[in-house]
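**Q**
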Amino acid sequence: MALIKLDDLTVRYTQGRFNKKVIYALKGVDLEINSGETVSVIGESGAGKTTLARVLVALEKPTGGTYLYKDKDVWKDKGARKEVRREVQYIYQDPISALNPSKTIRESISYPVKKHLKLKGDELYGKVVELVKAVGLDPSLVDRYPNQLSGGQLQRVNIARAISVNPKVLIADEPVTMLDASYRVGIIDLLVKLKKEMDMTLVLITHDLAIAKYLNYKSEGVKGVVIYGGRVVEEGKIDDIIQNPLHPYSKFLVGSYIDINYEAAEAEDRGVQEPKEAVIPNQGCPFSVKCPYAVDKCKKGFPNYTVNRDRKVACYLYG
1 MALIKLDDLT VRYTQGRFNK KVIYALKGVD LEINSGETVS VIGESGAGKT TLARVLVALE
61 KPTGGTYLYK DKDVWKDKGA RKEVRREVQY IYQDPISALN PSKTIRESIS YPVKKHLKLK
121 GDELYGKVVE LVKAVGLDPS LVDRYPNQLS GGQLQRVNIA RAISVNPKVL IADEPVTMLD
181 ASYRVGIIDL LVKLKKEMDM TLVLITHDLA IAKYLNYKSE GVKGVVIYGG RVVEEGKIDD
241 IIQNPLHPYS KFLVGSYIDI NYEAAEAEDR GVQEPKEAVI PNQGCPFSVK CPYAVDKCKK
301 GFPNYTVNRD RKVACYLYG
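Numbers 1 to 319, taken from full-length UniProt numbering, label the letters of the sequence shown in order.
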């Protein structure tokens, strides 16, 4: 049984007062995440990654489909929804805006501990110190305010707050994008370390294949989920996707990825050029207006998934 299961999940919005336009943030998403798994969700800005994260932590109610957690429907079972909000924790992209500037680090970390673990007094302070140490910070920082810490330190505070209630699932939404390069590796190393020590499921959301590849280096067997226009277009092991991308959008991502281990000529031979800007269609494959391989049926209906061993791809080029 999958820990998390999304079935035909859709999130749509309407834009405009009179001539309303429907915009799909997610459409027909099928996804299973198993206990203890490491998953990297990959896609460019606007692909639907953050909406997916918000759905997983029950901050966003889907407009269609189902979200099952431990085989219980999150939006039909209030108890399941309450369980998700404790056991599935979220690390925000921007470490600065994620913290209240008028609260000390101790106060920010203490709130979920008091709410969910019911600790107070010396026990509460001891737990805060334990969490701060677990993320590699000095306990002397707990009485400082967010503006007195660096971006890397603040992200570690956010991680400490997220793990404070012993979650089963940790969702990290672009956790290193706002940080200097010198801090990025340390944050990924910390997430992998905590995942192993706390036996959690880790879902890392990123637009950067280099980060996804490094995560796979630190935690072998990472499952990659490529998302574009609110659709999951490819799923499989990160290594397989980088070495042999199947969906044209995955090929574009890999072709845009700079790896110092490749010669320049090899990079040029990957074959997919940067697509032109275009409005993502609500019908058919969302990549069809940019895809060099698109035919009429690509614009009329979204293809069924073709499954081959550990790979899943939604493209008429296959099957």
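In this text, a Cβ means the ideal position worked out from N, Cα and C, and glycines have one as well.
Determine the DSSP secondary structure at ILE96, reduced to helix, strand or coil.
**A** Within the sequence shown, numbered from 1, the residue matching residue 96 stands at position 96. Residue state, collapsed to three classes: coil.
**Q** If you run the structure through DSSP and keep just helix, strand and coil, what is VAL225?
**A** In the sequence shown, counting from the first residue as 1, residue 225 sits at position 225. Strand, per DSSP.
**Q** I'd like the list of long-range same chain contacts for TYR257, defined as Cβ closer than 6 Å, with 5 residues on each side in sequence excluded.
**A** As a first step, residue 257 must be located in the sequence shown, where it is residue number 257. Contacts found: LEU209.
**Q** Could you tell me the boundaries of the alpha helix (DSSP H) in which ILE238 lies?
**A** Residue numbering aside, residue 238 sits at position 238 when the sequence shown is read from its first letter. Here the alpha helix (DSSP H) through ILE238 covers 238 to 243.
**Q** Counting Cβ pairs closer than 8 Å, one from the segment 45 to 52 and one from the segment 219 to 230, do we hit at least three?
**A** The segment 45 to 52 is in contact with the segment 219 to 230.
**Q** Have a look at ARG311 and ARG144 and give me their C-alpha separation to the nearest angstrom.
**A** Here residue 311 refers to the residue found at position 311 of the sequence shown. Here residue 144 refers to the residue found at position 144 of the sequence shown. Going from the Cα of ARG311 to the Cα of ARG144 covers about 48 Å.
**Q** Kindly indicate which three-state DSSP category TYR293 falls into: helix, strand or coil?
**A** Position 293 of the sequence shown, counted from the first residue, corresponds to residue 293. Coil, per DSSP.
**Q** Does the Cβ of ILE159 have 16 or more other Cβ atoms within 10 Å, making it buried, or fewer, making it exposed?
**A** For this step, residue 159 is matched to residue 159 along the sequence shown. Under this definition ILE159 is a buried residue.
**Q** Leaving out five residues on either side along the sequence, give the residues of the same chain with a beta carbon under 8 Å from the beta carbon of ASP173.
**A** Within the sequence shown, numbered from 1, the residue matching residue 173 stands at position 173. Closer than 8 Å at Cβ, skipping near neighbours: LYS49, THR50, ALA53, TYR90, ILE91, TYR92, GLN93 and ILE205.
**Q** To the nearest angstrom, how far is the alpha carbon of GLU268 from that of GLU220?
**A** By one-based count along the sequence shown, residue 268 stands at place 268. By one-based count along the sequence shown, residue 220 stands at place 220. No answer about GLU268 holds up, because its pLDDT of 44 lies below 50 and its placement is not dependable.
**Q** Find out if the Cβ-Cβ distance for the pair SER40, LEU190 is shorter than 9 Å.
**A** Sequence index remark: in the sequence shown, residue 40 carries index 40 (1-based). Sequence index remark: in the sequence shown, residue 190 carries index 190 (1-based). No, the Cβ-Cβ distance between SER40 and LEU190 is not below 9 Å.
**Q** Along the chain, where does the alpha helix (DSSP H) that runs through GLY152 open and close?
**A** Position 152 of the sequence shown holds residue 152. 151 to 163 is the span of the alpha helix (DSSP H), which, as asked, contains GLY152.
**Q** To the nearest angstrom, how far is the alpha carbon of ASN304 from that of GLU234?
**A** Looking up residue 304 in the sequence shown gives position 304. Looking up residue 234 in the sequence shown gives position 234. Between ASN304 and GLU234, the C-alpha separation is close to 11 Å.
**Q** With contact counted as at least three CB pairs below 8 Å, one residue from each stretch, are the segment 59 to 70 and the segment 122 to 133 in contact?
**A** Because the criterion of three Cβ pairs below 8 Å is not met, the segment 59 to 70 and the segment 122 to 133 do not touch.
**Q** Can you look up LYS103 in the DSSP assignment and give me helix, strand or coil?
**A** Numbered from its first residue, the sequence shown carries residue 103 at position 103. LYS103: coil per DSSP, three-state reduction.
**Q** Mapping DSSP to helix, strand and coil, what is GLY230?
**A** Residue mapping note: residue 230 aligns to position 230 of the sequence shown, counting from 1. Of the three classes helix, strand and coil, the one that applies to GLY230 here is coil, per DSSP.
**Q** Kindly indicate which three-state DSSP category THR306 falls into: helix, strand or coil?
**A** Working through the sequence shown from its first residue, we reach residue 306 at position 306. Strand, per DSSP.
**Q** If you reduce the DSSP assignment to three classes, tell me which class TYR43 lands in.
**A** Start at 1 with the first residue of the sequence shown, and residue 43 comes out as number 43. First, the residue type needs correcting, since residue 43 is Gly and not Tyr in the sequence shown. The answer is coil: DSSP assigns GLY43 none of H, G, I, E or B.
**Q** What residue range is occupied by the uninterrupted alpha helix (DSSP H) comprising ARG54?
**A** Translated into the one-based positions of the sequence shown, residue 54 becomes position 54. Residues 49 to 56.
**Q** With 16 other CB atoms within 10 Å as the buried threshold, where does VAL226 fall?
**A** Residue numbering aside, residue 226 sits at position 226 when the sequence shown is read from its first letter. Flag for VAL226 reads buried.
**Q** Quick check: the segment 105 to 118 against the segment 161 to 175, are at least 3 beta-carbon pairs closer than 8 Å?
**A** Contact holds: three or more Cβ-Cβ distances are below 8 Å.
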